[in-house]
Every structure is written in structure tokens, then in C-alpha cells.
Amino acid sequence: MAASASVTGLVLAYWPFAIPALLILYLFSNRYQKGLRQVPGPFLNSLSTLPRIWSVYRGHHHLDDLQLHAKYGKVVRVGPNLVSIADTSEINQLYGITTKFVKSPFYDLASTYDEEGLVPDPFVLRKDKALHSRMKRNAANAYSLNGLIQFEPWVEPVLSRFIHHLDEYAYENKICNLGDRLKDFAMDAVCNLTFGTDFGYLEKGDELGFFNTMDLINNYMSLLGNVTWLHPFLLGNPSQLKNFSGSGNPPAEGDAMTFLSRLALNQTANPKTITDREIITHAFNNVAAGADTTAIALRAVIYYILKDEDVYARLCAEVRERLELPVKFQAAFQLPYLKAVIQEAMRMHPSVGQILGRIVPAGGATIGGYHVGGGTEVGMSPWVLHRDPAVYPNPDQFKPERWILGEACADEEHLRRMNRSFFSFGHGAHTCSGKHISIMEITKLIPTLLLRYDLEMAADSQYKFKNWWFTPQEGLRVKFTRRQ
Ligand code: HEM
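Here is the structure:
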């Protein structure tokens, strides 16, 4: 009794000192965890995540990260348990096909659940590498370059509708908020090629509220976690699959087909390899991961070509000399300057703006010369890798010729280095599944615009963006004039 009274007395007497003491202990335990003290970086960032959160919140942490790397080198501790790496030679260790590193818990925020539990989604599957590989393998032909030739016919009607809208702007001599219209295009295109139908974004805009929801979710990166109302509405209900797969006879191998038909054929050929639930997840992912990202890349291409008269003139000359409407992907994909322009725009403005976080396996790893303890989150940011002057000389300059051998690219080794550092689609085991799909959409759309119109950036265009996982731009306003 007397002892407990004296303990209470002590607590009462000293609690004003105990709280700051515990706080200091906590901050320093952050700093000294997992042997990370030797990794360079700002002192405050090693104590608390608050500076990092503040940097992310302000929407341009890629710029902060670039400054930190310029000051501290290739390996920087940007949070108590977060290390940013700007060293392409470590890319395979972190991201390669056989990497032991797993995705960070960041990706859990995008998890969805249904009555069977966690929905198996390649984007969020962190630890179950076997399931992740199986899912990727069994949809590989749908996402491959060959596969997308079969999807191309589904993009064409959407492109025609898009052109029809732009014709109205040209006819009425009105400035078009092209940035918004590109997002509608990308949404209808990816839906149409996936399901064989779309939600008429080009005509009705975001009536479903999907973009709004996605923007909200992106801001705190819980991609689908809280949209359980939307998931069944779109595809979460297996009965929706039949509605979207189209009617009539299923296509045969080699026919034009939608993404869903492709996976359904895979399932018919080998029923055990892919479940209905997995097919639905793949298809839903296309919408969640494929619309915004592709629109961002399209805006970047258009912004950079309109900013530079010489680039615009050279691209128009190539496209107008070698292509005709309707533009076919295979023909457009042969154009070296067009390809270089697209790659350079995606280098300058990656659609994903954050560090792609991975967890160091138990036992730790040596990265960029530092031993980093197991359980540490490490990762690379496309924005940082793409601004490395050792790989991309004058990295802030938009220069498509850097991708063309014999022009600004002197030799094959340098081209290989640049390609190795090109991180817009990630790398290795978790590399973007839909990269060919978005490249196909971009490669068709850009020459289509240049063949049909002369484009000019509007004087009131105020192109800007915030980086909250995705980097969507605002204020791309363009004037279209019909060509004779
Ligand atoms: C310009 C367009 C696009 C960009 C820049 C982009 C970027 C990325 C990046 C950086 C990742 C890797 C994330 C990580 O490792 O942490 C990723 C993953 C993914 N992307 Fe894309 N993406 C684009 C378009 C698309 C499209 C059109 C689709 C689907 C049709 C798609 C589906 C996916 C999926 C399913 C994953 C997860 C892959 C995995 O973890 O195994 N993306 N994307």
C-alpha cells in the first residue's frame, strides 16, 4: 500500500519530465534503428516521419528528393525507416525478377476484400510471390505486344469519337481543355478494349464519379480499399462479367478480341490456371491503373511538343510524310522520332511520382555501399532516376534525339544505360502489366491529332501538377485547326 502510494507520488511529481523523455527516447530509437544511422540524410528525417509527410503533402517531394540526392549522394535516408536510392546498378537487387525484396506495406492501402477475403491483385500481392507470378503468367498473352494487336480495333471507335469532339472545338474556334478530354479518352479506350464497351466518358464526363473517387484515393493511396460500393457496381459482381464479355460466339484465337475475351479463352483452354475472380481483378485493374497514368503520359507528350517549335515541326514532318489516317499501331511504332518523343516525354514527366517502396529481406543487404538492415523500406523514384545527369546529360532539357543512335546518343552502351534507368513503368517482377496497352494508345493518338489538326498551346495555358503518387497535370489548353 505504502509502496504503491510512493510510486503514484513519483509519477505525479515527475510526469511533466517523463513525457518529453519518452518522446526523445522514441525519436532516437528511430534514428538508431536497423543500423541506419550511417546512411546520410537530413537529421530531422532520421528522427521522425513528419518531414517526409510534409514533403509529400506539399505535392512536390520529387523536387525535395532531387535536392537531397544532390546534397547527400546516391543513397539518402529520407525517413526514419525509408531510404531513397538513386543508383541504377542496384535496380535488379531491389526489383529484378528474382529479387528477395517484397513490396512495402504502402501497397496494402490498395487492397480490396470480397466475401472470399483478400482479392488477389498483382499490384497488391506483396508476399505471395508464387500467386503473383502465376497471375502474371496467365494474363501475359493479354498484356503482350502480340496480344494488343488484337485489342487495337477496340481503341479505334473511341479515337473516332474523340476526334469528333475535337472537330467541334476546331469548327467553333474554341480552346479545348485537352488535359481533361485526354483523361476521358484514356478511360473509354481502356474500358472498351477490356470489356468491349465503355461508360461514355467522352460524352458524359465523370457521371459515375470514378475519377473523383480515384483522385481522393490516390491522395492517400488506398486505390480501391474504400470503394467497395464502386467495385461491385463495375465488376466486383461476377454476374457483370457476362454483361461485359459481349454476346454471340466467343472469338477464335487470332480474331480481334477484348481483354476479357482473351482471358476467358485462356481459361477455357486451361480452366485450372485462372479463376473468374482473378479475371475480374485483372480487368478492374486495367481501369484503375490504366486511365489516369496513360492520360498523364499523353498530356506530357502534347505539352512538350507544343512547347518546342523545332520538335513540333520535326514530328509533324515525320508523321505527315509516313502515316495516314486511320493510324495503325504497327506503322506508327516504326517512326523513330515519334518513339523518341514519347519516351522522352515519359522520362521528363513520369506518371507515377513516388518511390516504389520495397522491404529489405531479413539479414539485410548492401545497397550503394551501405549495409541496410532487414525490414528497412528502400526504393527508387522514377523522377529521381530520370534526372541523373550522368545517364541523361542536361536532364531538365526535353531532347528526343537523346534516344536516337547517331544523333544525341553516341553509342549503344549509352542507349542501354538510358533504357536501364528508364523507370516510368517500374522494373522486373512488378513491372507495369499494361505498358504495351498504354504505348499503343499513345502511339495511335498523337499522330492522329497531328494528321488531322495543327495544334497550338493556348495563351492562357497554365500547365502545372501535384505529385501525390500519380502526377496528373492541369491547365493543358490547346487550340485545334483542321488541316486541309
Ligand atoms: C503510361 C501509362 C502507365 C504508367 C506510367 C504505369 C506505371 C506503372 C508502374 C510504375 C508500375 C509499378 C508499380 C510498382 O512496382 O510499385 C505499374 C504497375 C502496374 N500497372 Fe501500370 N502504368 C501505366 C499504364 C497501365 C495500364 C494501361 C495498365 C492496364 C491496362 C496498367 C496496369 C498495371 C498493373 C496491373 C500493375 C501491377 C503490376 C505488378 O505489380 O505486377 N498500367 N504501372
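Residue numbers (full-length UniProt numbering): 1 to 484. The beta carbon of each residue, even a glycine, is placed where N, CA and C say it ideally should be.
Buried or exposed (CB count within 10 angstroms, at least 16 for buried), residue i
i: L260; result: buried
i: Q67; result: exposed
i: A140; result: exposed
i: residue 489; result: No answer is possible for residue 489: the residues shown for the chain start at 1 and end at 484.
i: L483; result: Note that residue 483 corresponds to Arg in the displayed sequence, not to Leu. Label assigned to R483: exposed.
i: N467; result: buried
i: W54; result: exposed
i: residue 515; result: This structure gives no information on residue 515, because the portion of the chain shown stretches from 1 to 484.
i: I24; result: exposed
i: N286; result: buried
i: T471; result: buried
i: N212; result: exposed
i: I19; result: exposed
i: S239; result: Here the model assigns S239 a pLDDT of 49, short of 50, so the residue's position is not dependable, and the following value carries that caveat. Exposed: under 16 other Cβ atoms inside 10 Å.
i: T273; result: exposed
i: G369; result: exposed
i: L12; result: exposed
i: N419; result: exposed
i: residue 485; result: In the structure as shown, the chain starts at 1 and stops at 484, and residue 485 therefore has no counterpart that could be examined.
i: N45; result: buried
i: K399; result: buried
i: D10; result: Per the sequence presented here, residue 10 reads as Leu, with Asp not at that position. L10 should be labelled exposed.
i: S424; result: buried
i: D411; result: exposed
i: G434; result: buried
i: S6; result: exposed
i: Q150; result: buried
i: D292; result: buried
Member of the options whose CA lies at the smallest distance from the CA of residue i
i: T481; options: V102, L182, E172; result: E172
i: R181; options: A295, P51, R134, E324; result: A295
i: I85; options: A365, H430, Q473, L450; result: A365
i: G375; options: L145, V360, Y143; result: V360
i: F195; options: I439, L263, H427; result: L263
i: V378; options: A189, Q397, V83, Q267; result: V83
i: N81; options: R37, T293, R417; result: R37
i: L315; options: I342, S46, V56; result: I342
i: G35; options: W469, G363, V352, P153; result: G363
i: K479; options: S89, L63, R452; result: R452
i: A288; options: S46, F123, F43; result: F123
i: R161; options: Y201, F151, K127, E152; result: Y201
i: R277; options: N30, D396, P120; result: P120
i: N266; options: S461, R137, T99; result: R137
i: L356; options: Q334, W383, R347, R402; result: W383
i: residue 490; options: F106, L125, D308, F333; result: Summary: the structure shown does not reach residue 490, with the chain confined to residues 1 through 484, and so no result is reported for it.
i: I280; options: L145, V391, Y113; result: Y113
i: F422; options: L109, R322, T258, D87; result: D87
Residue i beta carbon near ligand 3 (any heavy atom closer than 7 Å)
i: A340; result: The model on display carries ligand 1 but not ligand 3.
Any non-hydrogen atom of ligand 1 within 7 Å of residue i CB
i: P122; result: yes
i: H430; result: yes
i: S84; result: no
i: A297; result: yes
i: S433; result: yes
i: G290; result: yes
i: T293; result: yes
i: F425; result: yes
i: K129; result: no
i: I279; result: no
i: K136; result: yes
i: S351; result: yes
i: V7; result: no
i: S438; result: yes
Check: Along the chain, which unbroken stretches of the alpha helix (DSSP H) at least 4 residues long are found entirely within the stretch 132-158?
Finding: Within the stretch 132-158, the alpha helix (DSSP H) runs of at least 4 residues that lie entirely inside it are, in chain order, 140-143.
Notebook entry, point to check: Enumerated in chain order, which unbroken segments of the beta strand (DSSP E) with a length of 3 residues or greater are wholly contained in the stretch 31-111?
Noted result: Listed in chain order, the complete beta strand (DSSP E) runs (minimum 3 residues) inside the stretch 31-111 are 75-79, 82-85.
Checklist line | Complete runs of the alpha helix (DSSP H) confined to the stretch 370-426 [at least 4 residues] | finding: Fully enclosed alpha helix (DSSP H) runs of 4 or longer: 382-385, 412-421.
Note to self: To test your reading of the DSSP string, which unbroken beta strand (DSSP E) runs of 3 or more residues are found completely within the stretch 340-369?
What the structure shows: For the stretch 340-369, whole beta strand (DSSP E) runs of length 3 or above, ordered along the chain, are 356-359, 365-367.
Next item on the list: List in chain order: all unbroken beta strand (DSSP E) runs of 3+ residues lying wholly within the stretch 172-224.
Entry: Within the stretch 172-224, the complete beta strand (DSSP E) runs of at least 3 residues fall at 175-177.
Note to self: Quick check for students: name the residue ranges of the alpha helix (DSSP H) that lie wholly in the stretch 264-331, counting only runs of 4 or more.
What the structure shows: Qualifying alpha helix (DSSP H) stretches, in chain order: 276-307, 309-322.
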